[in-house]
Every structure is written in C-alpha cells, then in structure tokens.
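Protein chains: 2
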Amino acid sequence: MNKINLTAQRKAVLEAVQYDDGHPTAAEVMERLREQGQQFAYATVYNSLKYLTDVGLLRELKLGEAASRYDARVDDHHHIVCKQCGRVDEVLSPTPDEWITAVEKATNYKVSNSHVVFEGVCGTCAQHKV
Amino acid sequence: MNKINLTAQRKAVLEAVQYDDGHPTAAEVMERLREQGQQFAYATVYNSLKYLTDVGLLRELKLGEAASRYDARVDDHHHIVCKQCGRVDEVLSPTPDEWITAVEKATNYKVSNSHVVFEGVCGTCAQHKV
DNA sequence: TATAAGATTTATACTAAATCTAAATATAAA
DNA sequence: TTTATATTTAGATTTAGTATAAATCTTATA
Ligand SMILES: [Mn+2]
Ligand SMILES: [Mn+2]
Ligand SMILES: [Zn+2]
Ligand SMILES: [Zn+2]
Chain V
1 MNKINLTAQR KAVLEAVQYD DGHPTAAEVM ERLREQGQQF AYATVYNSLK
51 YLTDVGLLRE LKLGEAASRY DARVDDHHHI VCKQCGRVDE VLSPTPDEWI
101 TAVEKATNYK VSNSHVVFEG VCGTCAQHKV
Chain H
1 MNKINLTAQR KAVLEAVQYD DGHPTAAEVM ERLREQGQQF AYATVYNSLK
51 YLTDVGLLRE LKLGEAASRY DARVDDHHHI VCKQCGRVDE VLSPTPDEWI
101 TAVEKATNYK VSNSHVVFEG VCGTCAQHKV
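Residue numbers (UniProt numbering), protein chains in the order written: chain V, 1 to 130; chain H, 1 to 130.
This is how it looks when you write it as structure tokens:
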C-alpha cells in the first residue's frame, strides 16, 4: 500500500529536480522555486527531498562536495564530474560484473552495490581550451 | 624543493592516521591523540590533516558520510564499506581500463580519475549472521 | 456539518563538520 | 639579539542539515 502523498510542496520540489538536468542541490532547488514565485520554508524543501528519496522518486547523490545533489533519474547509474566547469553528467554503463566479482574475492565482502564518480574534462571545456 | 615541514603536531597527527588502519575521521584522530595525552587544538588537527594531504602524505576520503576520513595509504585505490559494522577496507583492484574507455566514449569526457565506493557485508559480519 | 485525529508545513533553534580570524608562540634568518 | 616567517591556538563563523513544537491543512468519523 503506502500510497505516495504528493502535496503541492512535494510536487513542486520534485518538478524542480526533474526540470533541472544538472542534479541540483537543495539550495539550487530553493533558488529555482523562488524564481518561480513558489517559496517554501527551508525545512520543507529538505523534508520534501527526504520524503521523495524515501519513496523512491528521487535519488540522493553524494559526489564528494559539501552538499548532496538530487537526481530524478532513479535507475542505477553513476556520474562524471567536469573538473573545469563542475557539470555533472550521467554514466549509464554499469560497474563491470567481473570487477565486482574480483573485488568480492579480494576483500571477502559480499558486495551489494557501488557508487562511482568519474572525474575529468567535459567535451565543451576541452574545446574552449585554456 | 618545498621541503615538508613536519612539526611535532603534524607528526603526531600523521602517526595517528598511520597507526589506525581504519581510515579515521578528524574526530577519531583527535580522540586517539587525547588517549595518548597529546591534545591539540581542534583547528590544529584540521590544519595538519590539510597540510599532510596537500604535501601528499595523506589522502582525504569522502565516502558519503558526514565527515571526511583520512588514509595513510596514498597510492591510488578504492574502498569498500560494510553496511553492518561500518568498517572501511581497501580495494586495491583498479578501475578497469576498458570500462574507463567505454565511459569516455559514451560521455565525451576525458577521464582523469575515478573514486569508487563499494558497499556490502564484510566477512566477519557475514559469519555473525543476524 | 462539526469535530477530532492525523499529516504536513513552518519558523526557529540546534548540531556537526569544517573554516576563518587574529592573537600568541615558536622557529629560522639576518 | 632582533626581525621575519611560520605555526598553533581559542574562539567566532559558516554551511548543510536535523529537531522541535506550534500552526495549518487534510481526512475520517459521529
Ligand atoms: Mn544522474
Ligand atoms: Mn585506503
Ligand atoms: Zn566542463
Ligand atoms: Zn562488517
């Protein structure tokens, strides 16, 4: 059961994440809402992000920056961050199974998932060579 | 040149990380120093960890927890976290080159490095089955 | 409809991790 | 020694996020 209760605030927060392809932070979600004239309490945005993550409509990303980012794409995937402009793109290629098997053997862990962050320079930044 | 200036404080902090195989946080370093009767200012521990990281004697790890962890092993490697007991172990098997190549092709990035955190259950926890 | 129960939102206080500031110390150079 | 430079320190500040409790909204029930 456990029907998802999408209040106006939660819907607005969800849409703010969905229409920002760049994996926004809570602060960026706030900003976008404010731009639209839809301002909610700080805590409401956090509560909503947490709720939406709990019910599986969003994923929280910890990419090694100070603030968490949120992703409307909830299927399992990784990310790549441009060291120059900071943009975050999708990496849909999954962690190779043979690698996971090798890691399990070497560490004596049973691996349930993996989070990968690639770092590099995006196509755009590569062109606008410094 | 740029000789490394290992003050007493920095040396103590470095050793605290080296003799803790578990990738300690700044707070855990503080704690260990206090146990040894060597207590420094909060800021000194942070300054030292930053200095030691900058000169390459330590690596800072962001494993998705609130606090950074520090690693005396500075060669390139990954980590695996036990979901049950929280221990952090080394993953020495490097990211497969073919995978990196595939990701570069798919994303149009030039990848310079990758950070991988595996999650699972360690051998010890697997035995003490819940 | 009226009323109560439950859920959500809000403002505010609070916490944890880390950084900043500026004075006090220590170390090195002249 | 005197001066300059680097480091340490205590405490204030910042940032991201959580906790609390009152206010509001929504739903269920008499
Ligand atoms: Mn994504
Ligand atoms: Mn390590
Ligand atoms: Zn870029
Ligand atoms: Zn374990």
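Even for Gly, the Cβ is constructed at its ideal location relative to N, Cα and C.
If we ignore side chains and look at the alpha-carbon of each, how far apart do Thr44(V) and Asp21(V) end up?
Rounded to whole angstroms, Thr44(V) to Asp21(V) spans 22 Å at the Cα level.
When we look at the beta-carbon of Pro24(H) and count the other beta-carbons within 10 Å, is it buried (16 or more) or exposed?
The residue is buried, with at least 16 neighbouring Cβ atoms inside 10 Å.
Does the Cβ-Cβ distance between Val74(V) and Leu57(V) come in under 8 Å?
Yes, the pair counts as a contact, with Cβ atoms nearer than the cut-off.
Between Tyr42(V) and the rest of its own chain, which residues show a CB-CB distance below 8 Å, the 5 nearest in sequence each way excluded?
Taken in chain order, the residues that qualify are Met30.
Under the criterion of a Cβ to heavy atom distance below 7 Å, does Glu60(V) qualify as lining ligand 1?
For ligand 1, not one heavy atom lies less than 7 Å from the Cβ of Glu60(V).
Short of 6 Å in beta carbon distance, which residues of its chain neighbour Gln18(V), apart from the five on each side in sequence? Order them along the chain.
Around Gln18(V): Ala72.
What does Leu92(H) touch in chain V if you count any residue whose Cβ is under 8 Å from its own?
Simply Ala106.
Output, in chain order, the set of chain V residues within a Cβ distance shorter than 8 Å of Asp89(H).
Under the 8 Å cutoff, chain V gives Thr107, Tyr109.
Examine chain V for any beta-carbon lying closer than 8 Å to the beta-carbon of Lys122(H), and answer yes or no.
Residue identity check: residue 122(H) is Cys in the sequence provided, not Lys. Closer than 8 Å: yes.
Just by C-beta distance, which residues in the stretch 55 to 70 of chain V are closer than 8 Å to chain H?
The stretch 55 to 70 of chain V vs chain H, Cβ under 8 Å: Lys62, Gly64.
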